[in-house]
Amino acid sequence: MYDLVLRNVRVEGNIVDIGIKNDRIIEVFPGISSPGVEEIEGRHHLAIPGFIDCHLHLDKSLIIERADYKDVSGPEKGAMTREQKSSFTKEDIRTRAEKIIRTGLLVGNLVIRTSVDVDPIVGLKGIEALIELKAEYSDLLDIQIAAFAQEGIEKYPETEKLLIKALEMGSDLIGGHTIVDPDGEAHIDKILEIAEECGVEAEFHLDESGKREHFLLPYLAKEATRRGLCGRVTGIHCCTLSTLSADERKEALHLIADSLMKIIIAPTAISTRNLAPVKELLAAGAIIGIGSDNTGDFFNPVGRGDIRQAALLLAYVQRFFTSLEIRKLWEMITSTGADLLGCKEYGIRPGNRADITILNAFNPTEALYRQSLPNTFIRRGKDCTERILSFLPD
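Position in the sequence shown (first residue = 1) + 271 = the working numbering.
This is the structure in structure tokens:
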């Protein structure tokens, strides 16, 4: 009846067996009968489908392998990045991105979303590289690609056609950057127009600077509602929320709720600005995910694409310490993160795709503080443990 049975794994607090046939979960129940079927003993360890990393920049990852880090201002780091981008090749992007993808697989990633720069400086090289990697690793990992207007559209008007081309090539959604163009509202309008025309979702690096003069969340929320895009727009960072008065923040939280705007927090941004108030966003009912963001580049030279590290950082910075708070934190890198990215079959339950990661831990708290590698990786119903562990560096 089954191809594989996982014995004695902990799923949502219960010790169960999991019966798998082809690429599907058939049964989740204690004491499954399976004579003669291959079994894996879980030893009561925690089983999840896999981690969700909602935001990365894989095309610009590991730039510090190409150039030395300099502790300068954000705009100067942006200029340094543009200089590097001008000499990127598809092969170079692919090689660096693949290293971070493999790191994420080793820690248990199942789904990731990466912003990929699209502009006249780098062209579509990053899109080409990531589409290839998405296909190559599709049996292990779901990769979502956001065609990202990192440098804006007003300064680089050719970007508009390149974004549309990137979507035609197979990018999953479009990304904007609200502080790079002088008219942030016009930037939002253009990105949303393309999203509407191409039938995709839109995400924005929103209010990233943390400065009040860059506060465009209300405009984006109202435009999303007006255009009928409720639930199809995501704000990344939203740092300016942390600088508002209580009344201003209350109004902003209402707008987020009314527009069903999804929020992605990048905890490593704390190195240069305050983070959005995550607990308040949760209390307001926002769907929140966490992203590794920059990995080994000029903005975060020590990042490596381990979403557990980002979650642990958020726990320290905003004091996610009670059992309920840790549970919410855990959900942001598992089930809620999956909801944010639109994953339809996330969860260990009959009928879903058989993606199961057995962690070296008995509960989420232990998994976060131990940060050890998982011991078993089931992907699409197959035991991929040996293959994934082969990605460990020599």
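Idealized CB from N, CA, C, for every residue including glycine.
Item	Value
Please report how far the alpha carbon of R295 lies from the alpha carbon of L487, in whole angstroms.	43 Å
Taking the continuous alpha helix (DSSP H) assigned at H458, which residues delimit it?	G455 to C469
Where do the N-terminal and C-terminal ends of the beta strand (DSSP E) with D294 fall, by residue?	Run containing D294: none; DSSP gives neither H nor E here.
For E336 and F591, what's the separation of their Cα atoms in angstroms?	34 Å
If you compare alpha carbons, which of K493, E403 and T511 is closest to R503?	K493
Looking only at C-alpha atoms, which of G423, D443 and E439 sits nearest to H458?	G423
What did DSSP end up calling G349 once you bin it into helix, strand or coil?	helix
Please say whether A625 and I319 have beta carbons closer to each other than 9 Å?	no
Taking C-alpha atoms, which residue in I450, G375, P538 and L433 lies nearest to D413?	G375
Are the beta-carbon atoms belonging to G574 and I507 less than 9 Å from one another?	no
Which whole runs of the beta strand (DSSP E) in the stretch 311-338 are 3 residues long or more, in chain order?	322-327
In its own chain, which residues sit with a C-beta less than 6 Å from the C-beta of E310, not counting the 5 before and 5 after it?	V276 and R278
How far does the beta strand (DSSP E) with R503 in it reach, from first residue to last?	R503 -> no beta strand (DSSP E), and no H or E assigned at all.
So, using beta-carbon positions, are S357 and V393 closer together than 9 Å?	yes
Which residue marks the beginning of the beta strand (DSSP E) containing R650, and which one marks its end?	T647 to R650
By how many angstroms is the C-alpha of D460 removed from the C-alpha of K426?	16 Å
In its own chain, which residues sit with a C-beta less than 6 Å from the C-beta of S530, not counting the 5 before and 5 after it?	A492, A495, T496 and C501
Using the Cβ count rule (16 or more neighbours within 10 Å means buried), how would you classify D568?	buried
Given a cut-off of 9 Å on the beta-carbon distance, is the pair I604 and A632 in contact?	no
Out of T607, I445 and R658, state which residue places its alpha-carbon closest to the alpha-carbon of E212.	Not covered by the structure: residue 212. The range shown for the chain is 272 to 665.
Keeping to the same chain, check which residues put their C-beta closer than 8 Å to that of V343; ignore five residues upstream and five downstream.	M351
Is the CB-CB distance between L611 and T505 below 9 Å?	yes
Helix, strand or coil: how does DSSP classify E399 here?	helix
Leaving out five residues before and five after I597 in sequence, what residues of the same chain have Cβ atoms less than 8 Å from its Cβ?	A586, F591, P635, T636 and L639
For F475, which option in F648, K482, C469 and G455 has the closest C-alpha, if you only look at C-alpha atoms?	G455
Considering Cα atoms alone, identify which of G345, K331, L333 and V378 is closest to I323.	V378
In the DSSP assignment, find the unbroken beta strand (DSSP E) run with I534 in it and report its ends.	K533 to I536
Answer yes or no: do F419 and S386 have a C-beta to C-beta separation smaller than 9 Å?	yes
Would you kindly check if the distance between the Cβ of K341 and the Cβ of N565 is under 9 Å?	no
Ordered along the chain, which non-local residues of its own chain (more than five positions away) have a Cβ less than 7 Å from that of A410?	Sequence inspection shows Asp at residue 410; the Ala mentioned does not correspond to that position. Contacts found: R650 and R651.
Tell me whether P645 is buried or exposed, calling it buried when 16 or more other Cβ atoms sit within 10 Å of its Cβ.	buried
Note down, in chain order, each residue of its chain lying with its Cβ closer than 8 Å to the Cβ of S542, except the 5 sequence neighbours on either side.	N571
From the DSSP output, which residues share a beta bridge with K550?	BP columns for K550 are empty, so no partner.
What's the C-alpha gap between N623 and T647?	18 Å
Between L317, V549, S305 and K292, which has its C-alpha nearest V280's C-alpha?	L317
What do you reckon, are the CB atoms on N545 and T593 nearer than 9 Å?	no
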